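This report refers to the structure that appears directly beneath it.
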Amino acid sequence: MSRRLISTGSPLEKTVGYSRAVIDGEFAFVAGTTGYDYTTMTMPADVTSQSRNCFKTIAAALKEGGFEMADIVRATYYVTDASYIDAHFAVCGEVLGDIRPAATLLVVSALAKPEMKVEIEVTAKRRSI
């Protein structure tokens with residue numbers, strides 16, 4: 001299986017030189033994903049909605065690459081304020097509670113734009129059936 005690039009269609013991907021996801025064999029590597037709603041190109045103000053949007057974008061990228069959310073084996077979360085952790089983790093539990101990937105959370109001073117409160121990146125490995 002060859003390497004395949006997955007795009008959300010954002011012009012930033014070409015400008016910056018990255019892909020939403022890279023599929024390489026049995027692995028999918030999903031880039032850091034922020035909480036934009038790509039349908040409206042808006043960023044919600046609250047971390048709960050941003051976290052849900054992150055997972056929605058991740059799920060779409062994985063699906064396009066032939067993967068499922070259940071294939072996620074690793075997740076890294078970045079939040080810009082420790083006060084966001086509980087709300088973010090509640091969404092993680094909703095989405096990944098049965099999957100339970102290895103995960104790390106980091107509290108960072110900022111993301112690329114001030115309205116960004118959370119960023120999520122994941123790695124998935126296609127499950128053997």
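In this text, residue positions in the sequence shown follow the UniProt record's numbering: the first is 1, and each later residue adds one. Ideal Cβ positions, reconstructed from N, Cα and C, are used throughout, including at glycine. Source: prediction; values computed, not measured.
- Under the DSSP assignment, Ala-61 falls in the alpha helix (DSSP H) whose first and last residues are 47-64.
- Relative to Arg-126, the option among Arg-52, Pro-11 and Glu-26 whose CA is nearest is Glu-26.
- For Thr-42, there is no enclosing beta strand (DSSP E), as DSSP marks it with neither H nor E.
- Closest option to Asp-24, judged by alpha-carbon separation, among Met-43, Phe-67, Gly-35 and Thr-15: Phe-67.
- Fewer than three beta-carbon pairs drawn from the stretch 30-43 and the stretch 82-100 are found closer than 8 Å, and the two stretches are therefore not classed as touching.
- The shortest CA-to-CA distance from Gly-9 to any of Thr-57, Ala-28 and Val-47 is the one to Thr-57.
- In the DSSP assignment, Lys-125 is bridged to Phe-27.
- Bounds of any alpha helix (DSSP H) do not take in Ile-99, whose DSSP letter is neither H nor E.
- Sequence-distant Cβ neighbours of Gly-32 in its own chain, meaning closer than 6 Å and more than five residues away, are Glu-119 and Glu-121.
- Tyr-84 carries a helical assignment under DSSP once its states are collapsed to helix, strand and coil.
- Taking the Cα positions, Gln-50 is about 32 Å away from Ser-2.
- Excluding the 5 residues flanking it on each side, Val-73 has same chain C-beta neighbours closer than 7 Å at Pro-101, Ala-102, Thr-123, Ala-124 and Lys-125, in chain order.
- Ranked by Cα distance from Ser-7, the options Leu-105, Asp-46 and Ala-60 are led by Ala-60.
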